[in-house]
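Novice: One structure, pasted below without further comment.
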Amino acid sequence: MTLAYRCQFEILPSNSTAASEMVATIAALDSAMFAAFNAHDAAVLGTWFTQDLEFYHDKSGRAGFDSTMAGFTRLFIQPETADMRREIVPGTLEVHPLGDFGLLEICQHRFCHTENVREECGTFKNIMVWRKEGAGYKVSRVISYGH
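Taking our numbering, the leading residue of the sequence shown gets 11, the next gets one more, and so forth.
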């Protein structure tokens, strides 16, 4: 029995132009996607995800596209989260190539909203797989943890 393994690695120095472009690309995409989240626009937010989305959450488990979008819609209409907003914690964004498939985003992000006249914030860990689709990218996998 012969086993053949094909491994393909692309090592990019942290200061390379390609690495900088990857980070800039994902930072811009993340910012645009979460502008829809911060505007509580579920219809636009949904366009950032693939239809075969898998969203893994450490508290609620696995959800597909429809369940994820229903969850965002419920979140956006609840009075207690009416001002919910999200931002990446500065200095935590990492971006890594996934061959020809796409890019991997790792970051910490903070969600804030007003509760009992006080700002309440939580900082959590997040991983997103951005799948290359034509000239752009869409999120196909999310792992949200540390809640």
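Ideal Cβ placement from N, Cα and C applies to all residues, glycine included.
State the Cα-Cα distance for the pair Phe44 and Asp68, rounded to the nearest angstrom.
Specialist: Per the coordinates, the alpha-carbon of Phe44 lies some 20 Å from the alpha-carbon of Asp68.
Novice: Buried or exposed for Ser150, please, with buried defined as at least 16 other CB atoms from any protein chain shown within 10 angstroms of its CB.
Specialist: Counting other Cβ atoms within 10 Å of its Cβ, Ser150 reaches 16 or more and is therefore classed as buried.
Novice: Take the Cβ of Cys131 as the centre, count every other Cβ of all protein chains shown within 10 Å, and call the residue buried at 16 or more, exposed below.
Specialist: exposed
Novice: Quick one: what's got a C-beta closer than 7 Å to Val33's C-beta in the same chain, skipping five residues either side?
Specialist: Leu103 and Val105
Novice: Threshold first: 3 residues or longer. Then list the beta strand (DSSP E) segments lying entirely within the segment 55-112, N to C.
Specialist: 59-67, 71-73, 95-98 and 104-108
Novice: In the DSSP assignment, find the alpha helix (DSSP H) that holds Asn126 and state where it starts and stops.
Specialist: Here Asn126 belongs to no alpha helix (DSSP H), and DSSP marks it neither H nor E.
Novice: Which residues mark the beginning and the end of the beta strand (DSSP E) in which Ser26 is found?
Specialist: That residue, Ser26, is in no beta strand (DSSP E); it is neither H nor E in DSSP.
Novice: Quick one: Cα of Gly146 to Cα of Val127, how far?
Specialist: Distance between Gly146 and Val127, taken at the CA atoms: about 41 Å.
Novice: For the beta strand (DSSP E) that Gly146 lies in, which residues bound it at each end?
Specialist: Gly146 to Tyr155
Novice: Quick one: what's got a C-beta closer than 7 Å to Gly56's C-beta in the same chain, skipping five residues either side?
Specialist: Met79
Novice: Which partner residues of Glu31 appear in the DSSP bridge assignment?
Specialist: Glu31 pairs with nothing; no bridge assigned.
Novice: In its own chain, which residues sit with a C-beta less than 6 Å from the C-beta of Met94, not counting the 5 before and 5 after it?
Specialist: His123
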